[in-house]
Amino acid sequence: MKSGKIVIQAFCSTWALLRVCNLTTTNIITVCLFGLLLYLFQQIELHHDNTQARCAIRILSALFTFFYVCGDAEHLYAGLDHIIFRVFILLVTTIGLYFLFYRVLMLLFSVTAQWTAKDRTAGDALHGNKKRLLLLSTFIVCILAWLPYLCKNYPGIMTIDSMNQFAQVIGVYADSNHHPWVHTQVIKLFYLIGSIFTDQISVALSFYTIAQMCFMAGCVTYLVATLVQYRVNKWVLAAVIGFYALIPYNAIYAITIWKDTMFAGSVLLCVVTLLRLLQEGRHRFEWILYGLSGMMMCLFRTNGWYAFLIMTPFLIIVLHKQWKTVIPVQAGVILAVVLIKGPVMDACGVIQPDLVESLSIPIQQISKVIVEELPLTEEEDAFLNRILDTSKIKSLYNPYVSDGFKRLVRAGDPQYLQEHKGAFFETYIGIGLRYPKEYLLALRDQSIGYWFPTQEGLVAADEGVIVNEFGVTNMPIISGKLVIKLNEIALKLKDIVPGYGILWSMGSVFWIILIAMGMMYTRGDKKMLLLYIPCVAIFLTLVIATPVAKEFRYAYAYVYCLPLYLILPFLGKQLG
Numbered sequence: 001m002k003s004g005k006i007v008i009q010a011f012c013s014t015w016a017l018l019r020v021c022n023l024t025t026t027n028i029i030t031v032c033l034f035g036l037l038l039y040l041f042q043q044i045e046l047h048h049d050n051t052q053a054r055c056a057i058r059i060l061s062a063l064f065t066f067f068y069v070c071g072d073a074e075h076l077y078a079g080l081d082h083i084i085f086r087v088f089i090l091l092v093t094t095i096g097l098y099f100l101f102y103r104v105l106m107l108l109f110s111v112t113a114q115w116t117a118k119d120r121t122a123g124d125a126l127h128g129n130k131k132r133l134l135l136l137s138t139f140i141v142c143i144l145a146w147l148p149y150l151c152k153n154y155p156g157i158m159t160i161d162s163m164n165q166f167a168q169v170i171g172v173y174a175d176s177n178h179h180p181w182v183h184t185q186v187i188k189l190f191y192l193i194g195s196i197f198t199d200q201i202s203v204a205l206s207f208y209t210i211a212q213m214c215f216m217a218g219c220v221t222y223l224v225a226t227l228v229q230y231r232v233n234k235w236v237l238a239a240v241i242g243f244y245a246l247i248p249y250n251a252i253y254a255i256t257i258w259k260d261t262m263f264a265g266s267v268l269l270c271v272v273t274l275l276r277l278l279q280e281g282r283h284r285f286e287w288i289l290y291g292l293s294g295m296m297m298c299l300f301r302t303n304g305w306y307a308f309l310i311m312t313p314f315l316i317i318v319l320h321k322q323w324k325t326v327i328p329v330q331a332g333v334i335l336a337v338v339l340i341k342g343p344v345m346d347a348c349g350v351i352q353p354d355l356v357e358s359l360s361i362p363i364q365q366i367s368k369v370i371v372e373e374l375p376l377t378e379e380e381d382a383f384l385n386r387i388l389d390t391s392k393i394k395s396l397y398n399p400y401v402s403d404g405f406k407r408l409v410r411a412g413d414p415q416y417l418q419e420h421k422g423a424f425f426e427t428y429i430g431i432g433l434r435y436p437k438e439y440l441l442a443l444r445d446q447s448i449g450y451w452f453p454t455q456e457g458l459v460a461a462d463e464g465v466i467v468n469e470f471g472v473t474n475m476p477i478i479s480g481k482l483v484i485k486l487n488e489i490a491l492k493l494k495d496i497v498p499g500y501g502i503l504w505s506m507g508s509v510f511w512i513i514l515i516a517m518g519m520m521y522t523r524g525d526k527k528m529l530l531l532y533i534p535c536v537a538i539f540l541t542l543v544i545a546t547p548v549a550k551e552f553r554y555a556y557a558y559v560y561c562l563p564l565y566l567i568l569p570f571l572g573k574q575l576g
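Here it is, written out as C-alpha cells:
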C-alpha cells in the first residue's frame, strides 16, 4: 500500500515538473525523471522520516505550492483552451508540487536535524586578541571589498530618489517625509561635515557615502561578533563575511544614497541585538542598542514602523519576566517615533506624503477593472472621474508599478480624495465585491516579485550620479574597459552559476527564510521565532502596500539578515 502511494506521488510530481520545465511527454528525460523521483521518494520514506517536523513541513509545502501555482498559473496551463483541461492540469500540478516539496523538505529537515544534533556548526571559542583581530578584519574586508565600487561611482550612486533628498538637504526642495525625513537629516549632517573640509559639493556628499559604508560594515561586524560569542565554526564565519563582502549588490547598495540601505542595516542590528537579549537578558548596552536600532528601523521606512509595532506584543510575551525593562523600552521607542513623526516634523514644516502614496494595491486593483473595461455603476464612475481622468488609465497602466494611477490623481484632484477617503473605500469595496477575480489578479501581479521564486527584476543596476541641476557630478577614481568588464562579469555570474542566482531573487530568499523558520520551530525553541517577525512583517507590508512589484531594494532588509536567519536553526546547544 505504501509503495503504491509513493508511485502515485512520484508520478504526479513528474507530471508537475513537466509543466514547470516545459518538457514534452515524448521526451525520454521524463522517464528518467520519474525513476529518479520514485527512488528518491522511497529512500526518503525509508530513511528520513522526521515525524516531529511533519507539521511544519506540511505547512511549508502547502504554502510553497500555493505561491508557485498562483505565480505561474498561465504558464502551467499554456496551450490548453478548455476550462476543464485547465482546471485538471492545475489540480494535478498542485498535487505533484505539494508531494515534491513535501518529500524534499522532509529530506532537508532530517539531514539538518542530524547536523544540529552533532553540533556541526560549533567551533572553538575565540577570546582576546584573536577575537579582536577577527572583528577588525571583518570590518576592513567589507570596506576594502566595497571600495572599488565607490571608486568607480564616486561620490556614490544617486538615483532620482537620492537627488530628491539631496535637493532637500541644500534647501532647493521643501522638507518632505515622502522619503524619510530623518534619513534626509542624516545625509545633511554628513554633508555639512564634509563641507567643512571642502567646497566641492560631490566630495562633501561622499562623507555620507563613506559613513554609510562604515555603518553597514559595522552591522556585519556586530553580527560576526555575536556568532563568535556563540562559537560558530570558522568556515561558517568565513561564508558569512563572504556573503556581505563579495556579493555585488551588498557593495552597490552600501554606496547608494538610499533610505533602503541604512534601513536594512538597522533591521540587522535590531535582530542581532534581540538575539543577544533573548539569550542573555539584562545587559544595559544591548537594551540601549536595541532601542536605537528600533528607532532607526521605524524612522527609515514606514513598513519598519509597522514591523516594530507588530513585534511589540510578541516581545512582551516572550520576555514577560523582564517586563519592567521590556515595556519601558518598547514604549519609549514608540513614543519617540510618534513625537518625531508628529510634533517635531510639524514644527519643522515637513510635508507628509499624500494619501494616494499608500494606496498602491487598491488603485492597481481598480485600474485592473477599468483596463478590462468591466462596467461600473454611475456613482462609481462619477466618483473616480472626480479625482482623475479614468480614460487615461488604460494607456498608463502597468500591472507591476502603480505610478500611472498616482500620476493621474496628482494631476487631477488629490485634495478631493484626501477629503473623501470614506467614499473612496466604499467605491473600492463595492467594485471588488463584483470583480474579485480582477482584484486577486491585480494583487498577484503587484506583489509577485516578493513571493514567487523566479521573479528577479533589475538588481543593483544603478550606476553613478543621474544628471541634475544641483551641482553633484560623477567623479570616478577608477575607470576604463577593464573596470567595466569586471563589473559586468560580477553582475552576470548570477545568470551563470547554479544556486548562486537564488540569492538575487527576493522570492527565493523569502522561501529560504520560511524554511529556516520551520527548522527553528521543530527545534522546540519557540522564543527564537521572535527574531523572524521583523522579516515576516516587512514581507506582509510589501504584499499589501508595495508600489513596485519587483524592487529588490524594498526587500533588502530581510535579504541582509539572511545569513543570521540561516544559521540560527543550526546553532543547537550554543543557544540551548
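Using this note's numbering, the letters of the sequence shown map in sequence onto residues 1 to 576.
Glycine residues also receive a C-beta, built at the ideal position from the N, C-alpha and C atoms.
Here S391 carries a helix assignment [DSSP, helix/strand/coil]. When the alpha-carbon of T454 is set against those of I6, V20, V7, the nearest one is in V20. Contact between V356 and V409 holds, with the beta-carbon distance rounding to 5 Å and staying under 8 Å.
By the 16-neighbour rule on beta-carbons within 10 angstroms, I429 is exposed. Unbroken alpha helix (DSSP H) stretches of 4 residues or longer found wholly inside the region 271–310: 284–300, given in chain order. For A239, the uninterrupted alpha helix (DSSP H) run begins and ends at 234–246, by DSSP. As for any alpha helix (DSSP H) of minimum length 4 sitting wholly inside the region 436–502, the runs are 436–447, 481–492, ordered along the chain. By DSSP's assignment, I157 forms a beta bridge with T256. A straight line joining the alpha-carbon of A73 with that of L90 spans about 7 Å. Here DSSP, grouped into helix, strand and coil, assigns N398 to strand. Counting only the Cα atoms, L384 lies some 11 Å from T377. By the CB criterion at 7 Å, L530 and F314 fall inside the cutoff.
Between I57 and M311, the CB-CB gap reaches or exceeds 7 Å. With 16 or more neighbouring CB atoms inside 10 Å of its own CB, F263 falls in the buried class. According to DSSP, I351 shares a beta bridge with S176. As a beta-bridge residue in DSSP terms, V548 pairs with V401.
Distances from the alpha-carbon of V104 to those of H47, L417, F424 put H47 closest. Around the beta-carbon of F88, fewer than 16 other beta-carbon atoms lie within 10 Å, marking it exposed. Counting the other CB atoms within 10 Å of its CB gives C12 a total of 16 or more, which places it among the buried residues.
Relative to M297, the option among D389, T256, I252, P180 whose CA is nearest is P180. A distance of 7 Å or more separates the beta carbons of L268 and C348. C-alpha of Y222 to C-alpha of K492: approximately 30 Å in a straight line. Cβ-Cβ distances below 6 Å link S202 to P155, V472, T473, M475 in the same chain, with the five nearest sequence neighbours on each side left out; the list follows chain order.
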